[in-house]
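One structure is given below, encoded as structure tokens.
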Amino acid sequence: MGRSLLGIEDLDRAEIERILDRAVAFQPHGGPNFAKVNTCTGMMVVNAFFENSTRTRSSFEIAAHRLGADTLSITAAGSSVAKGESLVDTLNTLAAMRPSVIVMRHQASGAPHFLARHLSTPIINAGDGTHEHPTQALLDARTILDRLGRLEGLRVAIIGDIQHSRVARSNVFLLSKFGASVVLCGPPTLLPREMAQLAPGVELEYDMRRAVRDANVIMMLRVQLERIHEPPMQAGEYFRFYGLRQEHVELAHPDVIVMHPGPMNRGREISSEVADSQRSMILNQVENGVPVRMAVLERTLLW
Amino acid sequence: MVKKLLIRNGRVICPASGIDSVADVLIEDGRVAAVGEQLSAPGAETLDAAGLVVAPGFIDIHVHLREPGFTHAETIATGSRAAAAGGFTTVCCMPNTNPVNDSATVTAYIVEKARREAVVHVFPIGAITRGSEGEELAAIGSMVAAGAVAISDDGRPVMNARVMRRAMETARVLDIPVIQHCEDLHLSAGGDMHECADSVRLGLRGIPAAAEDVMVARDLLLAELTGARYHVAHISTKNAVAMVAWARRQGLPVTCEATPHHIALDTGQMRPYDSNFKMKPPLRGPEHVEAVIQGIVSGAVDCLATDHAPHAGDDKMQEFERCPFGIIGLETALGVALEVLVHSGRISLNRLVALFTSEPARVIGWKGDQARGALKPGYSGDVTIFHPEYPWTYDVKNSFSKSSNTPFNGRTFRGGPIVTIVSGEIVWKAPGF
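Protein sequences appear in the order of chains A and B. Residues 57 to 359 in the working numbering are what the first sequence lists, from first letter to last. Residues 6 to 438 in the working numbering are what the second sequence lists, from first letter to last.
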């Protein structure tokens with residue numbers, strides 16, 4: 057039975073490196089296509105997405121197909137959950153159909169952990185509430201490595217709605233394991249002081265100019281209005297104080313790269329000038345999603 | 006013919022009477038008749054309690070029996086049997102049923118249903134406000150006349166200070182305590198666990214300790230204003246404990262209770278996303294847990310109460326963010342309390358017995374025919390016999406409760422209930438005794 061991937065926090069550095077190294081083999085390497093390998097032929101990947109997602113679900117589907125696996129996608133609206141069936145019963149039903157792995161996104165933090173206690177089918181967390189998004193952190197790490205060649209010693213500024221970001225948590229866990237220093241920056245309403253205790257090497261900064269100074273990586277996050285019950289600050293003020301503009305990029309390290317996990321709101325958290333610049337790795341991140349998820353699926357199905 | 010029960014040779018601990026010695030206890034016709042050495046009672050049924058502690062029947066002033074309305078999770082019958090198995094002879098049930106116990110009709114229903122089906126004494130707690138909605142006072146006088154012994158909107162706080170003031174004024178005249186679920190709903194909104202580094206790490210929304218503290222602070226001022234007997238339910242923060250102690254030093258009739266789970270568990274012991282660790286108030290950090298224990302040691306905390314909150318499997322078998330708050334606790338209360346408080350050397354066995362007997366009785370203020378919480382002649386003939394040392398493992402599959410939501414399943418305890426006697430009748434015995 058394969059191994060679940062529930063979060064980055066529980067993975068050790070060697071295992072992360074193994075995934076990242078394997079992903080290189082699946083990259084297009086300048087060509088038009090990802091490598092098609094059929095190492096997982098006959099296996100069934102169930103994509104259970106209980107929360108809306110286009111890029112992550114597509115990325116997992118493509119990854120599974122490239123590995124030769126069959127896929128089945130279910131969404132909340134189309135599942136029995138919408139008819140009132142409990143999550144456990146829905147997943148038990150699916151598990152009885154003997155999938156090789158369940159890739160799961162859910163709006164509740166810990167939902168995959170909850171299911172992993174009840175199901176024997178391995179589960180890959182494709183984002184759980186405001187907790188973790190492990191494959192995003194892995195593809196972000198792959199993207200940084202591709203461009204900068206290392207993680208150790210980098211200064212990474214993660215800016216925006218930290219409190220509600222599973223991407224931020226997974227990246228903090230991963231980058232910390234590799235000896236990067238992480239600066240978390242956002243309005244105080246979206247950056248709890250306890251975030252400093254997430255992992256070694258994490259510092260908090262409420263001033264964006266100080267956060268980006270000498271940064272090797274600037275990672276922008278979306279304000280997750282759907283999870284926020286009161287506005288953290290007025291929209292215009294948010295962009296003024298926490299929106300990434302060219303003036304910030306100029307304060308950073310000369311080779312700085314700019315990242316965003318998407319979906320991106322231009323003019324709210326990032327200016328178009330920066331989003332479309334040579335510094336922007338946003339599309340590289342999306343591209344790296346497929347090889348990294350191929351490596352993750354392989355890890356679960358074959359390793 | 007008068008029915009007699011003679012409990013012989015036990016270590017009788019009755020804090021209210023100052024007794025702690027090997028003695029006999031005689032119960033006649035449902036009431037305590039005598040406590041002394043070598044009592045003679047011809048024709049009495051006898052029970053040998055040598056090597057065991059014989060205490061007044063335990064009282065839990067904070068349970069949820071879920072009837073009427075939620076009988077899939079618990080009933081008065083099943084809840085009372087779980088109480089008996091935990092050594093409790095008297096329980097007070099909170100009004101958050103369906104319908105809410107906010108009228109004499111519902112109070113009378115519970116009283117009558119308990120009379121017919123419960124194996125322990127059950128006293129209803131009436132709602133403070135209609136529907137526990139916090140807006141308009143419930144029929145408090147009528148509920149008290151029908152048998153309610155206190156008022157509370159437990160499960161929810163009374164957010165409106167003016168309404169709380171009027172409730173306290175009414176309660177003062179009726180000489181009943183007002184029991185508050187201390188939680189500022191604006192501060193706690195959406196929260197699932199204690200706000201701390203763990204909540205941030207797990208991506209769960211936090212409930213700050215201040216949500217409890219600000220409500221306690223407000224209510225203490227209202228208690229001073231009105232002179233009411235005010236009781237903080239399930240206290241869980243260091244500031245709340247300090248404020249209650251302060252109020253008492255000012256001479257206010259203020260009391261509070263702690264639950265076994267809030268002194269036995271902290272956020273670090275939670276199994277992440279396991280709904281059996283989701284309760285309100287949430288499990289706090291170690292500094293709060295220590296403050297509550299210290300409050301018990303110092304006397305700032307008056308009594309223990311379980312907040313037994315059954316939820317059926319389906320309700321709790323959900324994602325952590327979606328499942329309801331609360332755990333069952335009647336059957337594990339003594340084992341947990343012995344472990345955390347007595348075996349650790351924090352308090353004496355005598356004090357522990359007081360926390361389960363005379364102290365909760367004092368909080369409610371039972372008098373006359375209802376007097377309980379002590380082995381005094383004329384008091385209700387309720388006795389809890391327990392072993393302070395024997396090892397046993399809690400298996401929730403054997404629970405009398407209809408629900409199994411507990412973080413203590415599989416835990417081994419040192420010491421627990423052996424025999425539970427209600428009005429002179431043995432209602433429960435530990436297997437093997």
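Don't be surprised by glycine CBs; every beta carbon is placed ideally from N, CA and C.
| Check | Outcome |
| --- | --- |
| With DSSP run on the structure shown, which of helix, strand or coil describes aspartate 25 of chain A? | Past the edges of chain A, shown from 57 to 359, lies residue 25 of chain A, and the structure says nothing about it. |
| From the DSSP output, in three-state form, read off tryptophan 359 of chain A for me. | coil |
| Using the Cβ count rule (16 or more neighbours within 10 Å means buried), how would you classify tryptophan 359 of chain A? | exposed |
| Assign serine 156 of chain A to buried or exposed, taking buried as 16 or more other Cβ atoms, counted over all protein chains shown, within 10 Å of its Cβ. | buried |
| Taking Cβ positions only, does valine 157 of chain A come closer than 8 Å to chain B? | no |
| In or out: proline 47 of chain B buried (at least 16 other Cβ within 10 Å) or exposed? | exposed |
| Counting only Cβ pairs nearer than 7 Å, list the residues of chain B close to methionine 251 of chain A. | Val205 |
| Measure the C-alpha to C-alpha separation of glycine 3 of chain B and glycine 232 of chain B and round it to an integer number of angstroms. | Any property of residue 3 of chain B remains undetermined from this structure, which presents chain B solely from 6 to 438. |
| On the DSSP letters alone, give me the boundaries of the beta strand (DSSP E) that serine 129 of chain A sits inside. | 126 to 131 |
| Check for me: the alpha helix (DSSP H) holding methionine 160 of chain A runs from which residue to which? | Per DSSP, methionine 160 of chain A belongs to no alpha helix (DSSP H); it is in the beta strand (DSSP E), 157 to 162. |
| Using the Cβ count rule (16 or more neighbours within 10 Å means buried), how would you classify glutamate 65 of chain A? | buried |
| So, are the CB atoms of arginine 206 of chain B and leucine 254 of chain A less than 8 Å apart? | yes |
| In whole angstroms, what separates the C-alpha of methionine 57 of chain A from that of threonine 149 of chain A? | A caution first: methionine 57 of chain A carries a pLDDT of 42, below 50, which makes its placement in the model unreliable, though a value can still be read off. Taking the straight line joining both Cα atoms gives about 18 Å. |
| For threonine 146 of chain A, collect the residues of the same chain with a Cβ closer than 7 Å to its Cβ; drop the 5 residues on either side in sequence, then sort them by chain order. | Ser135, Ser136 and Val137 |
| My parser needs the beta strand (DSSP E) runs of 3 or more residues fully inside the segment 360 to 426 of chain B; what are they? | 388 to 398 |
| Cα separation between cysteine 96 of chain A and arginine 59 of chain A? | 15 Å |
| Distance cutoff 8 Å, beta carbons only. Does methionine 160 of chain A sit that close to anything in chain B? | no |
| Determine whether the beta carbon atoms of aspartate 53 of chain B and valine 96 of chain B lie at a separation below 8 Å. | no |
| Return the residues of the segment 107 to 133 of chain A that lie within a Cβ-Cβ distance of less than 9 Å from chain B, sorted by chain order. | none |
| Between glycine 331 of chain B and chain A, is there a C-beta pair that is closer than 8 Å? | no |
| For aspartate 77 of chain A, does the count of other Cβ atoms within 10 angstroms reach 16, so buried, or fall short, so exposed? | exposed |
| Along the segment 306 to 333 of chain B, where does the CB come closer than 8 Å to a CB of chain A? Name the residues. | Asp319, Met322, Gln323, Glu324, Phe325, Glu326 and Arg327 |
| If you check the beta carbons only, do aspartate 217 of chain A and valine 279 of chain A fall under 8 Å apart? | yes |
| According to DSSP, is glutamine 255 of chain B helix, strand or coil? | coil |
| Can you pull the chain B residues whose beta carbon is under 8 Å from the beta carbon of glycine 166 of chain A, in chain order? | Leu207, Gly208, Leu209, Pro277, Tyr278, Glu324, Phe325 and Glu326 |
| Just to confirm, are proline 422 of chain B and leucine 339 of chain B a CB contact at a threshold of 8 Å? | yes |
| Can you tell me the Cα-Cα spacing of glutamine 104 of chain A and serine 204 of chain B, whole angstroms? | Sequence inspection shows alanine at residue 104 of chain A; the glutamine mentioned does not correspond to that position. Distance between the alpha carbons of alanine 104 of chain A and serine 204 of chain B is about 26 Å. |
| Using 10 angstroms around the beta-carbon of asparagine 227 of chain A, count the other beta-carbons present and answer buried if the total reaches 16, otherwise exposed. | buried |
| Give me the chain A residues within the contact set of cysteine 201 of chain B, using Cβ-Cβ distance strictly less than 7 Å, ordered along the chain. | Glu250 |
| Buried or exposed: which applies to serine 360 of chain A, given that a residue is buried once 16 or more other Cβ atoms fall within 10 Å of its Cβ? | Lying before the first or after the last residue shown, residue 360 of chain A is absent from chain A, which here runs from 57 to 359. |
| Could you have a look at methionine 57 of chain A and say whether DSSP puts it in helix, strand or coil? | Confidence in methionine 57 of chain A is poor, its pLDDT being 42 and thus under 50, which makes the residue's placement unreliable; the coordinate value appears in the next sentence. If DSSP states are grouped into helix, strand and coil, methionine 57 of chain A belongs with coil. |
| Can you list, in chain order, the stretches of the alpha helix (DSSP H) that have 4 or more residues and sit fully within the segment 200 to 247 of chain B? | 202 to 207 and 214 to 231 |
| Name the DSSP bridge partner or partners of asparagine 18 of chain B? | Strictly speaking, residue 18 of chain B in this sequence is isoleucine, with asparagine absent from that position. Answer is B:Asp25, bridged to isoleucine 18 of chain B. |
| Check proline 291 of chain B in the structure and name its three-state DSSP category. | helix |
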